[in-house]
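Written out below as structure tokens is the structure these notes cover.
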């Protein structure tokens with residue numbers, strides 16, 4: 258069995274640089290190494306060694322580049338461990354194993370940011386469960402009566418040929434974007450044509466609702482509850 262076939266799942270779920278710390282510790286036990294040289298080797302790997310940089314394209318996301326750095330660090334750590342006699346491999350096999358791991362990872366997940374895909378998946382799932390159950394209908398929210406909506410998430414307004422949802426900021430942060438940075442989540446949703454940003458450049462926009470016409474409030478305005486065609490769709494495991 259090739260080394261990379263065993264190492265791929267191991268590397269994907271390692272905390273950042275854990276592999277390098279682990280292997281460097283054993284390397285130092287078995288070899289008299291100049292610490293500055295050791296540091297230089299690891300730092301070079303952190304910035305993604307040449308053999309991994311060659312696999313990247315200009316459009317590769319920052320997240321993909323961070324993953325490349327992780328594979329590079331692990332490859333360099335494996336080379337150190339090999340030099341110290343811990344792996345039983347030939348020189349260069351550690352780097353080759355990580356190069357193959359990263360190539361396989363790229364083939365499966367691509368150059369985009371998989372967190373964006375996870376955010377879109379989560380938002381779609383949330384709206385599938387709540388789009389009509391937790392929103393006050395705009396035309397029922399008259400100023401002469403208080404709308405009754407348990408666990409309300411916002412307002413839904415239907416036009417002649419369109420419909421949009423005004424989501425309370427707290428609901429967006431605590432539910433739709435749960436587990437993600439809300440600014441990053443909003444950016445991904447805007448790019449997918451689901452969320453409409455405000456005219457002031459913010460992710461929210463100001464609206465007056467029929468039940469509170471004198472109290473303009475900020476909402477997340479969703480024009481769609483599914484992503485535009487061609488947006489990232491496959492849910493992917495975390496690797497950072």
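Residue numbers (the working numbering): 258 to 497.
Just so you know, even glycine gets a beta-carbon here, dropped at the ideal spot from N, CA and C.
N- and C-terminal bounds of the alpha helix (DSSP H) containing residue i
{"i": "residue 332", "result": "319-340"}
{"i": "residue 463", "result": "Counting along the chain, residue 463 falls outside any alpha helix (DSSP H), though it belongs to the beta strand (DSSP E) covering 462-466."}
{"i": "residue 448", "result": "439-448"}
Distance, residue j Cα to residue i Cα
{"i": "residue 390", "j": "residue 380", "result": "15 Å"}
{"i": "residue 321", "j": "residue 433", "result": "24 Å"}
{"i": "residue 430", "j": "residue 335", "result": "41 Å"}
{"i": "residue 443", "j": "residue 450", "result": "11 Å"}
{"i": "residue 349", "j": "residue 297", "result": "18 Å"}
{"i": "residue 458", "j": "residue 440", "result": "12 Å"}
{"i": "residue 207", "j": "residue 483", "result": "This structure leaves residue 207 out entirely; the chain is present only between 258 and 497."}
{"i": "residue 364", "j": "residue 417", "result": "44 Å"}
{"i": "residue 357", "j": "residue 419", "result": "48 Å"}
{"i": "residue 383", "j": "residue 485", "result": "17 Å"}
{"i": "residue 332", "j": "residue 344", "result": "12 Å"}
{"i": "residue 498", "j": "residue 337", "result": "Beyond the ends of the chain as shown, which are 258 and 497, falls residue 498; an answer cannot be given."}
{"i": "residue 342", "j": "residue 319", "result": "35 Å"}
{"i": "residue 472", "j": "residue 385", "result": "30 Å"}
{"i": "residue 340", "j": "residue 452", "result": "53 Å"}
{"i": "residue 463", "j": "residue 328", "result": "45 Å"}
Test item: CB-CB of residue i and residue j under 9 Å
{"i": "residue 465", "j": "residue 474", "result": "yes"}
{"i": "residue 377", "j": "residue 446", "result": "yes"}
{"i": "residue 412", "j": "residue 398", "result": "yes"}
{"i": "residue 361", "j": "residue 448", "result": "no"}
{"i": "residue 467", "j": "residue 396", "result": "yes"}
Of the listed residues the options, nearest to residue i (C-alpha basis)
{"i": "residue 454", "options": "478, 472, 467 and 441", "result": "478"}
{"i": "residue 387", "options": "396, 341 and 406", "result": "406"}
{"i": "residue 355", "options": "420, 460, 485 and 330", "result": "330"}
{"i": "residue 437", "options": "371, 396 and 397", "result": "371"}
{"i": "residue 415", "options": "481, 359, 425 and 441", "result": "481"}
{"i": "residue 359", "options": "392, 324 and 349", "result": "324"}
{"i": "residue 409", "options": "420, 427, 396 and 418", "result": "427"}
{"i": "residue 461", "options": "425, 353 and 374", "result": "425"}
{"i": "residue 326", "options": "344, 352, 459 and 365", "result": "352"}
{"i": "residue 393", "options": "404, 384, 383 and 385", "result": "404"}
{"i": "residue 435", "options": "375, 328 and 346", "result": "375"}
Endpoints, beta strand (DSSP E) assigned at residue i
{"i": "residue 420", "result": "420-424"}
{"i": "residue 478", "result": "469-479"}
Within-9 Å CB hit, residue i to chain C
{"i": "residue 482", "result": "In the structure shown, chain C does not exist; there is a single protein chain."}
Where are the beta strand (DSSP E) runs, 3 residues long or more, that stay fully inside the segment 382-411, in chain order? 392-394
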